[in-house]
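Read in order, the letters of the sequence shown are residues 12 to 102 in our numbering.
Worksheet: one structure, shown below.
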Amino acid sequence: MITPGNVLRHELIGRNVLVVHAANPAQEGISGLIADETRNMISIQTPVGLKHVPKKYSTFRVTLPDRVQVDLIGSTIIGRPEKRITMRIRQ
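Below you can see the structure in the form of C-alpha coordinates.
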(Lines of atoms letter the chains of each structure in order from A; the text may use other names.)
(Lines give C-alpha, C1' and ligand atoms only; values in the text may rest on other atoms or scores of the structure.)
Protein backbone atom coordinates (compact mmCIF):
# COMPACT_ATOMS: atom_id res chain seq x y z
CA MET A 12 0.00 0.00 0.00
CA ILE A 13 1.33 3.42 -0.92
CA THR A 14 1.49 5.91 1.96
CA PRO A 15 3.13 9.31 2.48
CA GLY A 16 5.92 7.53 4.35
CA ASN A 17 6.82 5.13 1.55
CA VAL A 18 5.84 7.07 -1.58
CA LEU A 19 9.47 7.29 -2.72
CA ARG A 20 9.63 3.49 -2.94
CA HIS A 21 6.69 3.32 -5.36
CA GLU A 22 6.15 4.00 -9.02
CA LEU A 23 5.10 7.60 -9.71
CA ILE A 24 3.98 7.10 -13.32
CA GLY A 25 0.21 7.38 -13.58
CA ARG A 26 -0.18 9.55 -10.47
CA ASN A 27 -1.83 12.97 -10.55
CA VAL A 28 0.73 15.71 -9.98
CA LEU A 29 0.92 19.49 -9.58
CA VAL A 30 4.15 21.46 -9.88
CA VAL A 31 4.09 23.57 -6.71
CA HIS A 32 7.47 25.22 -7.18
CA ALA A 33 9.97 25.28 -10.05
CA ALA A 34 13.14 27.13 -10.93
CA ASN A 35 11.30 28.30 -14.06
CA PRO A 36 8.20 30.21 -12.83
CA ALA A 37 6.40 29.35 -16.09
CA GLN A 38 6.38 25.68 -14.99
CA GLU A 39 4.66 26.35 -11.67
CA GLY A 40 1.05 25.25 -11.75
CA ILE A 41 1.50 22.56 -14.41
CA SER A 42 -0.77 19.67 -13.51
CA GLY A 43 -1.80 16.36 -14.98
CA LEU A 44 -0.71 12.73 -14.95
CA ILE A 45 2.92 11.67 -14.69
CA ALA A 46 3.53 10.09 -18.08
CA ASP A 47 7.23 9.27 -17.74
CA GLU A 48 10.13 9.70 -15.38
CA THR A 49 13.84 9.76 -16.15
CA ARG A 50 16.85 10.36 -13.93
CA ASN A 51 16.47 14.15 -13.98
CA MET A 52 13.05 14.83 -15.50
CA ILE A 53 9.36 14.22 -14.95
CA SER A 54 7.06 14.27 -18.00
CA ILE A 55 3.51 15.38 -17.27
CA GLN A 56 0.58 14.76 -19.61
CA THR A 57 -1.56 17.90 -19.51
CA PRO A 58 -4.72 18.78 -21.47
CA VAL A 59 -2.53 20.82 -23.87
CA GLY A 60 0.23 18.26 -24.33
CA LEU A 61 3.28 16.74 -22.71
CA LYS A 62 5.34 19.00 -20.42
CA HIS A 63 8.82 18.18 -19.14
CA VAL A 64 9.85 19.51 -15.71
CA PRO A 65 13.33 18.99 -14.27
CA LYS A 66 13.34 17.36 -10.83
CA LYS A 67 16.14 19.51 -9.43
CA TYR A 68 14.86 22.76 -7.88
CA SER A 69 11.20 21.68 -8.25
CA THR A 70 8.54 20.57 -5.79
CA PHE A 71 5.78 18.22 -6.90
CA ARG A 72 2.45 17.60 -5.15
CA VAL A 73 1.47 14.00 -5.86
CA THR A 74 -2.00 12.63 -5.15
CA LEU A 75 -1.99 9.11 -3.72
CA PRO A 76 -4.77 6.55 -4.40
CA ASP A 77 -6.52 7.42 -1.11
CA ARG A 78 -6.57 11.11 -2.21
CA VAL A 79 -3.87 12.14 0.27
CA GLN A 80 -1.53 14.71 -1.24
CA VAL A 81 2.22 14.55 -0.64
CA ASP A 82 4.78 17.19 -1.56
CA LEU A 83 7.97 15.69 -3.01
CA ILE A 84 11.09 17.83 -3.21
CA GLY A 85 12.59 17.08 -6.61
CA SER A 86 16.15 16.77 -5.38
CA THR A 87 15.10 13.78 -3.23
CA ILE A 88 13.80 11.86 -6.24
CA ILE A 89 16.71 12.51 -8.60
CA GLY A 90 17.97 9.23 -9.94
CA ARG A 91 16.75 6.43 -12.12
CA PRO A 92 13.28 5.35 -10.96
CA GLU A 93 14.19 1.65 -11.04
CA LYS A 94 17.09 2.33 -8.64
CA ARG A 95 15.09 4.64 -6.39
CA ILE A 96 12.36 2.09 -5.68
CA THR A 97 14.92 -0.48 -4.49
CA MET A 98 17.17 1.77 -2.38
CA ARG A 99 16.91 2.24 1.35
CA ILE A 100 15.14 5.43 2.35
CA ARG A 101 16.58 7.30 5.35
CA GLN A 102 13.89 8.43 7.77
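Each residue gets a CB set at the ideal place from its N, CA and C atoms; glycine is no exception.
Predicted, not measured: the structure shown is a model, and the values here were computed from it.
- Going by beta carbons, I89 and K62 fall outside the 7 Å limit.
- When DSSP states are grouped into helix, strand and coil, A46 belongs to the strand group.
- By the CB criterion at 7 Å, L23 and E48 fall inside the cutoff.
- Annotated three-state conformation of P36 is helix, per DSSP.
- In this structure, the CA atom of T57 is about 23 Å from the CA atom of R91.
- Within the same chain, Cβ atoms closer than 6 Å to the Cβ of S54 are found at A46, D47, L61, H63, the five residues on either side in sequence being excluded.
- Secondary structure at T74: strand, using DSSP grouped into helix, strand and coil.
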